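Input: a single structure, listed below in structure tokens.
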Amino acid sequence: MTDYIRSNQQEHWRFSRKELAYCRKRANLEARRSIIEYHKEQRRRSQNENEASSSVTVTPKPSDFAKFLKSCDGSNPSLDIDEDLMNAVSDSDIDFLTVEDEEELLRFYVGKISTIIGPAAQISRLRRPEKVSATACALFRRFYLSNSVMIFDPKTIMVAAVFMGSKVEDATADVRYLEEATKLMQAPVTVEEILRAELHLVSGIHFELMCFHGYKPVLAFIEDLRTYLKSENGRNAVASSKIVTGGDLRPRYEGAKRLVDEICMSDIPLLFSTGQIGIAALIVANEEVEKKAQEEGNAEFPTIDLYGYLETRFSNSSHMHDKGMGPEVKAKITDVAIMIRELKSGNHGCGAHGVDMIALKGIHKRLKKCRIWGKSSKKSGKNKKKRKLEG
Numbered sequence: 039m040t041d042y043i044r045s046n047q048q049e050h051w052r053f054s055r056k057e058l059a060y061c062r063k064r065a066n067l068e069a070r071r072s073i074i075e076y077h078k079e080q081r082r083r084s085q086n087e088n089e090a091s092s093s094v095t096v097t098p099k100p101s102d103f104a105k106f107l108k109s110c111d112g113s114n115p116s117l118d119i120d121e122d123l124m125n126a127v128s129d130s131d132i133d134f135l136t137v138e139d140e141e142e143l144l145r146f147y148v149g150k151i152s153t154i155i156g157p158a159a160q161i162s163r164l165r166r167p168e169k170v171s172a173t174a175c176a177l178f179r180r181f182y183l184s185n186s187v188m189i190f191d192p193k194t195i196m197v198a199a200v201f202m203g204s205k206v207e208d209a210t211a212d213v214r215y216l217e218e219a220t221k222l223m224q225a226p227v228t229v230e231e232i233l234r235a236e237l238h239l240v241s242g243i244h245f246e247l248m249c250f251h252g253y254k255p256v257l258a259f260i261e262d263l264r265t266y267l268k269s270e271n272g273r274n275a276v277a278s279s280k281i282v283t284g285g286d287l288r289p290r291y292e293g294a295k296r297l298v299d300e301i302c303m304s305d306i307p308l309l310f311s312t313g314q315i316g317i318a319a320l321i322v323a324n325e326e327v328e329k330k331a332q333e334e335g336n337a338e339f340p341t342i343d344l345y346g347y348l349e350t351r352f353s354n355s356s357h358m359h360d361k362g363m364g365p366e367v368k369a370k371i372t373d374v375a376i377m378i379r380e381l382k383s384g385n386h387g388c389g390a391h392g393v394d395m396i397a398l399k400g401i402h403k404r405l406k407k408c409r410i411w412g413k414s415s416k417k418s419g420k421n422k423k424k425r426k427l428e429g
């Protein structure tokens with residue numbers, strides 16, 4: 039099996055913040071151009087009596103430029119898309135969604151994935167390990183780095199990501215139960231729509247489906263701590279004379295796992311490696327557990343210096359460039375830990391917290407007016423108007 043270092047995720051799906059911003063602006067810009075062309079074609083057809091009553095079929099081709107953002111020689115294209123260019127691609131009759139509007143919608147939908155599939159799925163037959171919902175979130179996020187919600191329905195792409203995620207993780211869900219789950223959400227998606235969206239999804243991520251998450255690194259660090267803290271160097275990392283047991287590490291492990299659940303709904307996996315995510319989640323969980331023990335007056339609960347553990351444990355590791363943890367590595371882990379703490383405020387694209395439903399309702403209304411998916415043909419529109427008059 040491919041390890042993370044040699045994976046497509048490390049090579050193609052790790053970005054800087056500037057690169058993420060570029061991808062989203064470009065996807066929004068290309069969507070605007072496509073929508074303007076679509077409406078030009080609509081107007082042309084309406085002027086032609088022979089074509090006016092014919093159905094206008096929109097079959098957009100998904101884009102996958104995000105995968106190719108980093109060229110083989112490691113250089114990047116120009117990452118500047120200024121507001122003047124964004125405003126230049128406009129139409130007085132169309133109120134386009136902004137990049138921020140799109141992100142708010144995506145936050146909402148990525149937050150719904152765990153209710154469809156995963157340990158807490160509403161339908162018991164769709165309950166799967168955490169890695170399934172995490173992979174679905176990753177595939178969904180990857181797709182919308184190159185594509186826009188104005189071109190592809192985020193609801194159907196979300197369910198397609200769930201279906202594909204279950205297959206990637208060898209825990210295939212019955213697509214009929216997925217349809218049932220969307221009905222429980224009062225946002226029904228048919229089997230046919232899921233299967234059609236699945237083709238768009240895999241094309242939009244260039245068929246790169248393998249995903250790595252922070253769960254295994256968290257477990258690996260916990261297992262290493264279990265033995266290392268019993269050593270002479272390890273005991274120095276514990277501010278207590280008590281020997282650290284598996285029971286002391288369990289709340290830290292469970293807390294880190296819950297944090298990884300939220301991390302998978304955010305931009306963090308697109309910015310950092312799974313190892314960095316795993317240890318940072320453990321550091322934040324360690325802080326939370328120790329704070330809780332302190333508030334409860336549990337003086338016996340051992341305090342663990344995880345930065346000290348990293349410094350001593352990996353001082354001779356080739357992964358640390360033979361310089362211990364080093365300021366660069368420590369700064370990166372600290373950066374991830376800060377972002378993890380900020381997830382509770384709904385920052386960094388996290389769909390688990392802080393979704394403004396009132397703002398979301400307004401964005402969804404605007405989406406209905408500017409999207410090109412779900413548009414009925416002119417003919418069916420006339421028939422609908424006729425039926426209304428007859429009724």
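According to our numbering, the sequence shown is numbered sequentially starting from 39. Think of the CB as a built atom: it goes at the ideal place given N, C-alpha and C, for glycine as much as any other residue. Just so it is clear, the structure is predicted and the values come from calculations on it, not from any experiment.
query: Grouping DSSP H, G and I as helix and E and B as strand, with all else coil, what is I401?; result: helix
query: Specify, as a first and last residue, the run of the alpha helix (DSSP H) that F259 falls within.; result: 253 to 266
query: Which one of V148, I161, C388 has the shortest CA to CA distance from K193?; result: V148
query: On the DSSP bridge assignment, give the partners of V276 in chain order.; result: I342
query: Got a sec? Which residues, its chain only, sit under 6 angstroms from N46 by beta carbon, not counting five neighbours each side?; result: E246
query: To which residues of the same chain is F201 closer than 7 angstroms at the C-beta, ignoring the five residues directly before and after it?; result: A211, V213, L216, I232, E236
query: Under 8 angstroms: do the stretch 154 to 172 and the stretch 251 to 271 share three or more Cβ pairs, one atom per stretch?; result: yes
query: Exposed or buried, which one is N185 when buried takes at least 16 other CB atoms within 10 Å?; result: buried
query: Per DSSP, what kind of secondary structure is I410 in: helix, strand or coil?; result: coil
query: Check for me: the alpha helix (DSSP H) holding Y215 runs from which residue to which?; result: 213 to 222
query: Give me the residue from N336, A159, D41 with the minimum Cα distance to D286.; result: N336
query: Where E142 and R44 are concerned, what is the direct C-alpha to C-alpha distance, given to the nearest angstrom?; result: 33 angstroms
query: DSSP three-state call for T228: helix, strand or coil?; result: coil
query: When the Cα of I262 is compared with those of E333, R351, S204, I315, which residue comes out closest?; result: What sits at residue 262 in the sequence shown is Asp, not Ile. The shortest C-alpha separation from D262 is found at R351.
query: Should M188 go down as buried or exposed, given a rule of 16 or more other Cβ atoms within 10 Å for buried?; result: buried
query: So R290 is in the alpha helix (DSSP H); what residue range does that whole segment cover?; result: 284 to 301
query: Could you give the uninterrupted runs of the alpha helix (DSSP H) lying entirely in the stretch 140 to 219, keeping only those of 4 residues or more?; result: 168 to 184, 192 to 206
query: Classify V393 as helix, strand or coil using the three-state DSSP reduction.; result: coil
query: Taking a contact to mean a Cβ-Cβ separation below 8 angstroms, would you say I376 touches L348 in this structure?; result: no
query: Distance check for N385 and A301, CA to CA, integer angstroms please.; result: Just to set this straight, residue 301 is Ile in the shown sequence, not Ala. Looking at the two C-alpha atoms, the distance is approximately 11 angstroms.
query: On a CA-only basis, which of M196, T153, I260 is nearest L239? Give me that one, please.; result: M196
query: Does DSSP classify I310 as helix, strand or coil?; result: It should be pointed out that residue 310 corresponds to Phe in this sequence rather than to Ile. Residue state, collapsed to three classes: coil.
query: On a Cα-Cα basis, can you pick out the residue from I260, C408, S84, D131 that is closest to T283?; result: I260
query: What does the alpha-carbon distance come out to for the pair L58 and K370?; result: 18 angstroms
query: Is it the case that the Cβ atoms of F146 and V393 are separated by a distance below 8 angstroms?; result: yes
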